[in-house]
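Here the sequence shown is numbered in full-length UniProt numbering, starting from 1 and rising by one per residue.
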Amino acid sequence: MEAKSETPNQRAPLITAGIFLGVGIGGFIDGILLHQILQWHHMLSNIRPLTNIANIDLNTLWDGLFHTFNWVFTVVGVVLLWRAGGRDDVPWSSQTFIGSILIGTGLFDFVEGLIDHQILGIHHVKPGPNELAWDLGFLAFGALLIVIGWIMIKKTRVISH
Numbered sequence: 001m002e003a004k005s006e007t008p009n010q011r012a013p014l015i016t017a018g019i020f021l022g023v024g025i026g027g028f029i030d031g032i033l034l035h036q037i038l039q040w041h042h043m044l045s046n047i048r049p050l051t052n053i054a055n056i057d058l059n060t061l062w063d064g065l066f067h068t069f070n071w072v073f074t075v076v077g078v079v080l081l082w083r084a085g086g087r088d089d090v091p092w093s094s095q096t097f098i099g100s101i102l103i104g105t106g107l108f109d110f111v112e113g114l115i116d117h118q119i120l121g122i123h124h125v126k127p128g129p130n131e132l133a134w135d136l137g138f139l140a141f142g143a144l145l146i147v148i149g150w151i152m153i154k155k156t157r158v159i160s161h
């Protein structure tokens, strides 16, 4: 047996599953850590501050919808992983899978940060002093995860059968 790089098409089902799982995981990390534990923001907290019961209820609803989105991506990722696992032509590699999850998590951070923080302005990572720095740091962290994941996938070596 000799080591060789597999073509992206052979690894595509594993990579796709990892990206979907990464998006779901990234969303759950955001929702659990930033929304619930640290309580830095909620989905609509910049446009509907938590100053009255109606706004608290609305933010709670939108946080729930946000978690539903994360759950759907996670379930799709599990289904795709299950299907990839049933294929003999998909080479299994922890490095490819972890790299794909990092790409998905980074994509979540980058896209959510760009849309919700910058374009729509519905919330910020940590409102108040240095809010732009927190938002830009969130975008940079997402981009970094994408790059690290991409490098991991590109450098993956698997054993040919």
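The beta carbon of each residue, even a glycine, is placed where N, CA and C say it ideally should be.
Distance between residue j and residue i (C-alpha atoms, nearest Å)
i, j, result
"residue 78", "residue 123", "30 Å"
"residue 3", "residue 18", "In this predicted model, residue 3 has a pLDDT of only 43, less than 50, meaning its place in the structure is not dependable; the value taken from the coordinates is given anyway. Roughly 23 Å between the two C-alpha positions."
"residue 67", "residue 143", "22 Å"
"residue 118", "residue 88", "44 Å"
"residue 64", "residue 9", "36 Å"
"residue 114", "residue 37", "23 Å"
Own chain residues within Cβ distance below 6 Å of residue i, not counting five before or after
i, result
"residue 145", "102, 105, 106"
"residue 76", "20"
"residue 84", "13, 14, 17, 90"
Short Cβ contact (8 Å threshold) for residue i with residue j
i, j, result
"residue 91", "residue 11", "yes"
"residue 29", "residue 153", "no"
"residue 74", "residue 31", "no"
Exposure of residue i, with buried meaning 16 or more beta-carbon neighbours within 10 Å
i, result
"residue 51", "exposed"
"residue 140", "exposed"
"residue 147", "exposed"
Chain-order list of residues whose beta-carbon lies under 8 Å from that of residue i (same chain, five-residue window excluded)
i, result
"residue 59", "42, 43, 44, 45, 48, 50"
"residue 135", "113, 117, 118, 124, 125"
Contact test: residue i Cβ vs the ligand GTP heavy atom, cutoff 7 Å
i, result
"residue 14", "Because no ligand of any kind appears in the structure shown, any question about the ligand GTP cannot be addressed here."
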